[in-house]
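As structure tokens, the structure follows; a few thoughts come after it.
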Amino acid sequence: HRVERKKDVVLDFPVTVRSFSIATGIPVNELLRKLITLGVATSQNANLDSDTVEILATETGINVQVKEEADLEGGLMEEIEAARSNVDPDSLGPRPPVVTFLGHVDHGKTSLIDAIRETRVAQKESGGITQHIGAYTAELADGRKITVLDTPGHEAFTAMRARGAHSTDVAVLVVAGNEGVMAQTEEAANHAKAAGTPIVVAINKMDVAGANPDQVKSQLSGIGIQTEGWGGEVGTVEVSALQKKGIDDLLERVLLEAEVLDLKAHFKGDAMGVILEAKVEKGKGKVAHVLVQDGTLKVKDAVLAGPTFGKIRLMFDSEGKPMKEAGPSTPVEILGLEDLPIVGEKFYVVKNLKVAKEVAEG
Ligand code: GDP
Ligand code: MG
Numbered sequence: 436h437r438v439e440r441k442k443d444v445v446l447d448f449p450v451t452v453r454s455f456s457i458a459t460g461i462p463v464n465e466l467l468r469k470l471i472t473l474g475v476a477t478s479q480n481a482n483l484d485s486d487t488v489e490i491l492a493t494e495t496g497i498n499v500q501v502k503e504e505a506d507l508e509g510g511l512m513e514e515i516e517a518a519r520s521n522v523d524p525d526s527l528g529p530r531p532p533v534v535t536f537l538g539h540v541d542h543g544k545t546s547l548i549d550a551i552r553e554t555r556v557a558q559k560e561s562g563g564i565t566q567h568i569g570a571y572t573a574e575l576a577d578g579r580k581i582t583v584l585d586t587p588g589h590e591a592f593t594a595m596r597a598r599g600a601h602s603t604d605v606a607v608l609v610v611a612g613n614e615g616v617m618a619q620t621e622e623a624a625n626h627a628k629a630a631g632t633p634i635v636v637a638i639n640k641m642d643v644a645g646a647n648p649d650q651v652k653s654q655l656s657g658i659g660i661q662t663e664g665w666g667g668e669v670g671t672v673e674v675s676a677l678q679k680k681g682i683d684d685l686l687e688r689v690l691l692e693a694e695v696l697d698l699k700a701h702f703k704g705d706a707m708g709v710i711l712e713a714k715v716e717k718g719k720g721k722v723a724h725v726l727v728q729d730g731t732l733k734v735k736d737a738v739l740a741g742p743t744f745g746k747i748r749l750m751f752d753s754e755g756k757p758m759k760e761a762g763p764s765t766p767v768e769i770l771g772l773e774d775l776p777i778v779g780e781k782f783y784v785v786k787n788l789k790v791a792k793e794v795a796e797g
């Protein structure tokens with residue numbers, strides 16, 4: 436007798452011809468025959484890859500959804516991450532802090548990020564590549580480093596947190612000294628607090644007549660940020676992005692905050708990190724800007740990044756200089772992923788491309 440066929444089915448992962456048959460009501464023999472005409476020789480209990488399931492679904496006119504695939508991938512990601520943190524305990528060492536700039540629009544986030552870049556990033560031979568990565572590593576005169584993320588406005592910041600990818604160690608809250616605390620200042624402060632990210636306040640535009648740091652501190656206290664001298668411990672630094680004043684003081688304060696956090700990472704072993712940006716660039720194709728968080732990322736590494744994967748063909752530092760290896764807290768541009776990854780998604784180096792492909796394609 437014939438079981439009635441269904442139009443929509445939800446299948447558990449992994450899918451077999453047998454489970455497909457049970458769920459849809461299409462006899463096993465009919466499915467196997469269909470697969471043979473499609474050039475797929477299999478048995479009823481063998482696991483089908485996602486392409487085959489999709490073809491079967493199309494051929495039989497059934498809307499198939501596969502359950503738990505995402506969970507499985509998530510589980511595997513956690514496994515990789517756990518394995519990673521056990522690798523090479525001897526190579527564990529202090530890493531530079533990663534900093535994000537938050538604050539009300541027009542209070543000077545971009546200007547400050549640019550001012551730090553101009554004063555504290557060694558300009559390297561760029562081989563004609565002028566496009567910068569939206570992240571760089573600033574270096575103080577004594578060699579201490581800070582990685583500055585240029586990309587996140589607070590939406591991106593929240594998106595990254597939602598994906599569990601904590602990329603920011605310290606948040607710099609930029610407040611224009613002449614305008615004071617505004618709606619987005621409070622919003623940004625709340626995001627940082629919710630993420631448990633320590634804040635350093637940059638009181639910017641100190642060159643403008645009427646800039647009033649005491650008023651800013653008083654207003655900050657009103658939104659629950661108690662600064663030094665105002666009954667709390669949040670550091671404030673007066674700066675002028677325009678005149679490039681107070682830049683080193685700000686970086687020093689960030690480093691002081693970072694010291695308390697005792698940030699460490701493995702300098703050896705397969706890398707993992709987070710995707711900062713992904714785009715198609717003329718002459719280069721699909722590029723991803725990533726932050727290495729642990730381990731060392733190398734050219735030719737096989738990388739898994741959510742639903743995509745690839746082998747790193749080329750790698751560039753934040754100033755466009757080709758590089759072969761990148762350690763913790765280093766932002767780099769990579770070429771070689773099959774598709775554009777999702778911003779905020781974690782990436783992992785895996786043993787070989789085949790494994791990356793399998794996991795990426797589910
Ligand atoms: P963002 O929206 O927070 O990224 O702010 P921008 O960096 O784009 O700056 C907004 C405006 O403020 C621009 O016109 C800047 O030139 C100006 N600006 C930024 N920093 C300073 C500063 O320190 N002093 C003065 N006078 N103007 C500044
Ligand atoms: Mg800006």
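The sequence shown begins at 436 in our numbering and counts up one residue at a time. Built from N, CA and C at the ideal position, the CB exists for glycine as well.
CB of residue i within 7 Å of CB of residue j, strictly
{"i": "residue 713", "j": "residue 788", "result": "no"}
{"i": "residue 729", "j": "residue 766", "result": "no"}
{"i": "residue 633", "j": "residue 673", "result": "no"}
{"i": "residue 459", "j": "residue 441", "result": "yes"}
{"i": "residue 708", "j": "residue 782", "result": "yes"}
{"i": "residue 604", "j": "residue 698", "result": "yes"}
{"i": "residue 676", "j": "residue 547", "result": "yes"}
{"i": "residue 531", "j": "residue 582", "result": "yes"}
{"i": "residue 695", "j": "residue 670", "result": "no"}
{"i": "residue 703", "j": "residue 734", "result": "no"}
{"i": "residue 538", "j": "residue 608", "result": "yes"}
{"i": "residue 796", "j": "residue 485", "result": "yes"}
{"i": "residue 534", "j": "residue 689", "result": "yes"}
{"i": "residue 801", "j": "residue 705", "result": "An answer regarding residue 801 cannot be provided, because it is not within the stretch 436 to 797 covered by the chain."}
{"i": "residue 732", "j": "residue 693", "result": "no"}
{"i": "residue 658", "j": "residue 622", "result": "no"}
{"i": "residue 602", "j": "residue 726", "result": "yes"}
{"i": "residue 499", "j": "residue 444", "result": "yes"}
{"i": "residue 627", "j": "residue 606", "result": "yes"}
{"i": "residue 660", "j": "residue 629", "result": "no"}
{"i": "residue 495", "j": "residue 461", "result": "yes"}
{"i": "residue 542", "j": "residue 646", "result": "no"}
Bridge partners - residue i, DSSP secondary structure assignment
{"i": "residue 745", "result": "738 and 772"}
{"i": "residue 680", "result": "675"}
{"i": "residue 718", "result": "In DSSP, residue 718 forms no bridge with anything."}
{"i": "residue 625", "result": "Per DSSP, none; premise fails for residue 625."}
{"i": "residue 699", "result": "529"}
{"i": "residue 710", "result": "725"}
{"i": "residue 611", "result": "639"}
{"i": "residue 809", "result": "Past the boundaries of the shown model lies residue 809; the chain is included only from 436 to 797, so the question cannot be answered."}
{"i": "residue 785", "result": "737"}
{"i": "residue 451", "result": "482"}
{"i": "residue 662", "result": "669"}
{"i": "residue 545", "result": "Answer is none; residue 545 lacks a bridge partner."}
{"i": "residue 534", "result": "583 and 605"}
Three-state secondary structure assigned by DSSP to residue i
{"i": "residue 668", "result": "coil"}
{"i": "residue 638", "result": "strand"}
{"i": "residue 582", "result": "strand"}
{"i": "residue 724", "result": "strand"}
{"i": "residue 705", "result": "strand"}
{"i": "residue 603", "result": "coil"}
{"i": "residue 780", "result": "coil"}
{"i": "residue 500", "result": "strand"}
{"i": "residue 563", "result": "Confidence at residue 563 is low in this model, with a pLDDT of 44, below 50, so its placement is unreliable and no value can be given for it."}
{"i": "residue 556", "result": "coil"}
{"i": "residue 436", "result": "Residue confidence is low: residue 436 scores 49 on pLDDT, short of 50, so the model does not pin down where it sits. Its coordinate-derived value is still stated next. Residue 436 falls in the coil class under three-state DSSP."}
{"i": "residue 643", "result": "coil"}
{"i": "residue 445", "result": "strand"}
{"i": "residue 632", "result": "coil"}
{"i": "residue 766", "result": "strand"}
{"i": "residue 477", "result": "coil"}
{"i": "residue 689", "result": "helix"}
{"i": "residue 540", "result": "coil"}
{"i": "residue 732", "result": "strand"}
{"i": "residue 482", "result": "strand"}
{"i": "residue 794", "result": "helix"}
{"i": "residue 570", "result": "strand"}
{"i": "residue 488", "result": "helix"}
{"i": "residue 616", "result": "coil"}
Supposed contact pair residue j and residue i - C-beta distance, whole angstroms, cut 8 Å
{"i": "residue 536", "j": "residue 491", "result": "50 Å between Cβ atoms; not a contact."}
{"i": "residue 772", "j": "residue 744", "result": "7 Å"}
{"i": "residue 679", "j": "residue 554", "result": "6 Å"}
{"i": "residue 885", "j": "residue 451", "result": "Past the boundaries of the shown model lies residue 885; the chain is included only from 436 to 797, so the question cannot be answered."}
{"i": "residue 691", "j": "residue 778", "result": "At roughly 30 Å, the Cβ-Cβ gap does not stay under 8 Å, so residue 691 and residue 778 are not in contact."}
{"i": "residue 557", "j": "residue 682", "result": "Rounded, the Cβ-Cβ distance is 15 Å, inconsistent with contact."}
{"i": "residue 475", "j": "residue 493", "result": "Not confirmed; about 13 Å, so no contact."}
Self-check item: Segment contact flag, the segment 731-740 with the segment 605-615, C-beta cutoff 8 Å, min 3 pairs
Solution: In this structure the segment 731-740 does not lie against the segment 605-615, because fewer than three pairs of beta carbons, one per stretch, are closer than 8 Å.
Practice problem: Could you tell me whether the segment 653-670 touches the segment 567-580, where touching means 3 or more Cβ pairs closer than 8 Å? | Solution: Output reads no: the segment 567-580 does not touch the segment 653-670.
Exercise. Give me every residue whose Cβ sits closer than 6 Å to any heavy atom of ligand 3, in chain order.
Key: The model depicted lacks ligand 3 and carries ligand 1 and ligand 2 instead.
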